[in-house]
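Inspection log for the structure reproduced underneath, given as structure tokens.
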Amino acid sequence: MTSLTYTLPDERGHFGAYGGRYVPETLMQAVLELEIEYKKAMADPSFQRSLHGLLKDYVGRETPLYFAHNLTEHLKGAKIYLKREDLNHTGAHKINNSLGQALLAERMGKRKVVAETGAGQHGVATATACALLGLECMIYMGAEDIHRQQMNVFRMELLGAKVISVNSGSATLKDAVNEALRYWVTNVEDTHYILGSVMGPHPFPMIVRDFQSVIGYETRKQFIEKEGKLPEAVVACIGGGSNAMGMFYPFIKDETVRLFGVEAAGLGIDTYKHAASMTKGKPGILHGAMMYLLQDGNGQIQEAHSISAGLDYPGVGPEHSHLKDIGRVHYESIKDEEALEALKLLCQLEGIIPALESSHAIAYALKLAPTMNRDDGVVICLSGRGDKDVETVRARLGGNE
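Heads up, the final residue of the sequence shown is numbered 401 in UniProt numbering, and it's a clean run with no missing numbers.
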């Protein structure tokens with residue numbers, strides 16, 4: 001169990017055995033400069049004023065912590081609260097990080113941005129931040145995800161971004177990250193890479209965690225205001241793990257708060273159609289960092305599967321990997337069908353259409369809450385809204401897929 005002195009990452013960017021900087025020599029100088037400029041920015045009151053001013057007046061923070069009365073009564077267990085990141089400008093938590101990194105790019109004098117996206121929400125958030133700050137924007141996206149998320153592709157293009165289809169591998173998020181990193185290697189002088197999750201070489205996992213931790217700090221304060229105590233449990237979905245890490249980080253030292261990360265079991269963890277890297281993976285290196293990965297017997301990366309494009313990634317951030325090993329966070333998995341049923345239930349009981357990613361966290365909370373006392377509290381990070389997933393859900397529930 002973690003102690004009250006949790007101060008990771010260390011000076012080399014490691015979270016225990018995980019993390020680090022496994023990058024080509026051409027990128028090493030860029031990531032070292034990024035770490036230095038990031039630390040300067042976070043200590044600069046003018047940068048903090050710009051960031052927090054935009055989070056308040058442009059993004060719409062703070063987001064509500066909503067008591068889901070009907071869902072609580074339905075389950076007859078712990079009180080369920082929803083942290084409404086779906087109400088952010090652009091519809092997901094991704095804008096917190098994209099806006100912070102875009103301000104960082106502007107500060108570093110880099111007028112071009114490259115990014116990757118899976119479900120499209122990080123791409124939309126990055127395109128939005130670049131439009132606001134007048135930065136040139138390129139987004140790499142797997143062809144399969146472009147097919148699943150056509151409306152988000154149109155939104156990115158409307159915002160002025162160039163969306164580049166990736167056809168290699170499984171044509172999903174992993175392959176989009178590969179291509180974005182390749183582009184960055186050859187354009188590092190004038191381009192910043194806005195990485196969308198708590199992965200990649202140091203300092204990206206730290207930067208993304210810090211920009212997303214506004215979610216957990218607000219939740220902690222709001223729950224105490226409403227209930228006079230901390231929640232007994234906090235639940236968030238994980239693909240790369242950015243919304244979960246942002247939610248968990250301010251609670252890590254609160255050992256009475258149980259933390260649950262929920263990954264995608266797809267068609268089942270006993271099949272090859274899942275994205276459960278924590279449950280079925282083992283440590284390895286991908287995209288510049290050591291973390292839990294889905295691998296075959298020869299150490300080759302296995303393709304991930306999930307109905308949710310945002311969870312369709314074969315690894316998880318290095319800090320999550322460390323928190324698993326020390327037992328501070330419990331990692332569970334939820335199948336596609338369970339997530340769909342949870343999505344339907346939240347729609348029908350609370351009038352809220354959640355993203356498929358968030359539906360995995362809801363599905364696990366449906367199992368957890370009835371095992372707890374009625375006075376206990378569970379907070380679910382509702383990381384994004386479900387508009388982008390309506391066609392996927394309609395096709396599946398209508399039997400057309």
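Ideal Cβ positions, reconstructed from N, Cα and C, are used throughout, including at glycine. It should be emphasised that the depicted structure is a prediction, and the values quoted were computed from it without experimental measurement.
Contact holds between the region 311-327 and the region 5-20, because three or more Cβ pairs, one in each stretch, are under 8 Å apart.
Contact annotation: Pro-354 and Asp-86 have beta-carbon atoms nearer than 8 Å. Straight-line measurement puts the Cα of Asn-243 at about 15 Å from the Cα of Gly-100. For Lys-388 and Arg-84, the gap between their C-alpha atoms comes out near 16 Å. Within the region 88-153, the alpha helix (DSSP H) runs of at least 4 residues that lie entirely inside it are, in chain order, 94-107, 121-133 and 143-148. In the DSSP assignment, Thr-191 falls within the unbroken beta strand (DSSP E) covering 191-193. A direct Cα-Cα distance of roughly 42 Å separates Gln-150 from Arg-374. Setting aside the 5 residues that flank it on each side, Ser-213 is surrounded in the same chain by Gly-246, Tyr-249 and Pro-250, each with a C-beta closer than 7 Å to its C-beta; the list follows chain order. Inter-residue distance for Gly-200 and Glu-341 is about 33 Å (C-alpha atoms, whole angstroms). A Cβ-Cβ distance of about 6 Å is found for the pair Thr-219 and Val-379, placing them in contact under the 8 Å criterion. Cβ contact annotation for Arg-107 (same chain, cutoff 7 Å, sequence separation greater than five): Glu-37, Ala-41 and Phe-47, in chain order.
Taking one beta carbon from each stretch, the region 354-365 and the region 56-64 have fewer than 3 pairs nearer than 8 Å; the two do not touch. Residue pairing by DSSP places Ala-264 opposite Ile-334 in a beta bridge.
For Tyr-364, the three-state secondary structure derived from DSSP is helix.
Counted as a single uninterrupted DSSP element, the alpha helix (DSSP H) harbouring Ala-180 occupies residues 173-186.
Sequence-distant Cβ neighbours of Glu-35 in its own chain, meaning closer than 6 Å and more than five residues away, are Pro-203. Tyr-6 counts as exposed, since fewer than 16 other C-beta atoms from the protein chains shown sit within 10 angstroms of its C-beta. For the 8 Å CB-CB criterion, Tyr-331 and Thr-279 form a contact.
Around the C-beta of Thr-371, fewer than 16 other C-beta atoms lie within 10 Å, and the residue is accordingly described as exposed. For the 8 Å CB-CB criterion, Val-235 and Ala-361 form a contact. Residue nearest to Cys-347 within the set Arg-49, Arg-328 and Val-390 is Val-390 (criterion: CA-CA distance).
Here Tyr-58 carries a helix assignment [DSSP, helix/strand/coil]. Separation of Leu-135 and Thr-72 (C-alpha to C-alpha, rounded to the nearest whole angstrom) is 45 Å. The alpha-carbon separation between Lys-79 and Leu-345 amounts to approximately 16 Å. In the three-state DSSP reduction, His-202 falls in the coil class, being neither helix nor strand. In the DSSP assignment, Val-23 falls outside any alpha helix (DSSP H), carrying neither H nor E. Leu-323 and Ala-304 have their C-alpha atoms roughly 22 Å apart. Short of 6 Å from the beta carbon of Ala-233, and not among the five residues preceding or following it, lie these beta carbons of its own chain, in chain order: Arg-258 and Val-378. When rounded, the separation of the alpha-carbon atoms in Pro-64 and Asn-97 is 19 Å.
About 11 Å separates the Cβ atoms of Ala-161 and Ala-125, ruling out a contact at the 8 Å cut-off. Spatial neighbours of Asp-296 in its own chain (CB-CB distance under 8 Å, excluding positions within 5 residues in sequence) are listed in chain order as Gln-302. For Ser-170, the three-state secondary structure derived from DSSP is coil.
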